[in-house]
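Under the numbering used here, the first residue of the sequence shown carries the number 1, and numbering increases by one thereafter. For every residue, glycine included, the Cβ atom is placed at its ideal position computed from N, Cα and C.
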Amino acid sequence: MAGGAARLLLSALLAALPAAPAEPQLRFRPPAEAPVRLFTEPELARYDGQQEGQPIYLAVKGVVFDVTSGKEFYGKGAPYNALVGKDSTRGVAKMSLDPADLTHDTTGLTEEELKSLDDIFNNVYKAKYPIVGYTSRRILNEDGSPNLDFKPEDQPHFNIKDEF
Ligand code: HEM
């Protein structure tokens, strides 16, 4: 009796299980989104355009762009070289190369400067240069824990290009 009931239960359980897949399942699945690279300040500082043949990176609003293709603006001795190897958000917002403005800090910027910053961020940097990562300030909270509100920027035109 008890054995019969147990068999019944077992067959009911087996029937409820999904059918075994015909093909062996892949153990490794690529992540749904590309991994995000995090840059500390010293890491970002290595990409300051001083070494010939090395990539040149510039961060705006905590987003790190590869601006190597704009070497005539950002390379060694070029007019905007001071902006690279760091987060230059404030300088871009104010159109200033003053070393005091070459910082992520947006404290006290005017509405107009913030609008100009967003225009340049979208229409120059996101449009022209591929994103290679984010500053730690953008990804982490002050205590080093992950910022759960972080969302990577989308840049669909570069994803398409990457497939070729
Ligand atoms: C006399 C002053 C300036 C002149 C005549 C000037 C001129 C120009 C020109 C002609 C371009 C467009 C180049 C091109 O697309 O082929 C440009 C781009 C740019 N300028 Fe200036 N500029 C001046 C000052 C500044 C200053 C002070 C900043 C400070 C942040 C600045 C930041 C930029 C940036 C970020 C770009 C975009 C570069 C890119 O496409 O990657 N400019 N500038």
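Presumed contact (8 Å Cβ cut-off) between Asp105 and Gly91, rounded CB distance: At roughly 10 Å, the Cβ-Cβ gap does not stay under 8 Å, so Asp105 and Gly91 are not in contact.
Touching by the beta-carbon criterion (3+ pairs, under 8 Å), the segment 117–136 and the segment 62–75: yes
First through last residue of the alpha helix (DSSP H) which encompasses Ala93: 89–94
Beta-carbon contacts of Asp66 that lie in its chain and below 7 Å, excluding the five residues immediately before and after: Pro55, Tyr57, Tyr129, Pro130, Val132
Selected residue, minimal CA-CA separation from Pro156, among Asn122, Asp149, Leu148: Asn122
Given Asp87 as reference, the closest of Asp143, Glu43, Ala127 once Cα atoms are compared: Glu43
Enclosing beta strand (DSSP E) for Phe65 [first to last residue]: 63–66
Proximity below 8 Å, CB of Gly85 to CB of Asp48: yes
Which of helix, strand or coil DSSP assigns to Phe150: coil
Tyr134 Cβ short of 7 Å to ligand 1 heavy atom set: no
Cut-off 8 Å between Cβ atoms - residues of its own chain near Met95, not counting five sequence neighbours on either side: Ser116
Given Asp119 as reference, the closest of Asn147, Thr103, Lys71, Thr89 once Cα atoms are compared: Thr89
Closer than 7 Å: Phe177 CB and nearest ligand 1 heavy atom: One cannot answer for residue 177 here, as it falls past the ends of the chain, which runs 1 to 164.
DSSP-derived helix/strand/coil call for Ala59: strand
Beta-bridge partners of Phe229, as assigned by DSSP: Because the chain is modelled from 1 through 164, residue 229 falls outside the range shown and cannot be assessed.
Residues of its chain near Glu72, where Cβ-Cβ distance is below 8 Å and the 5 sequence neighbours each way are ignored: Ala78
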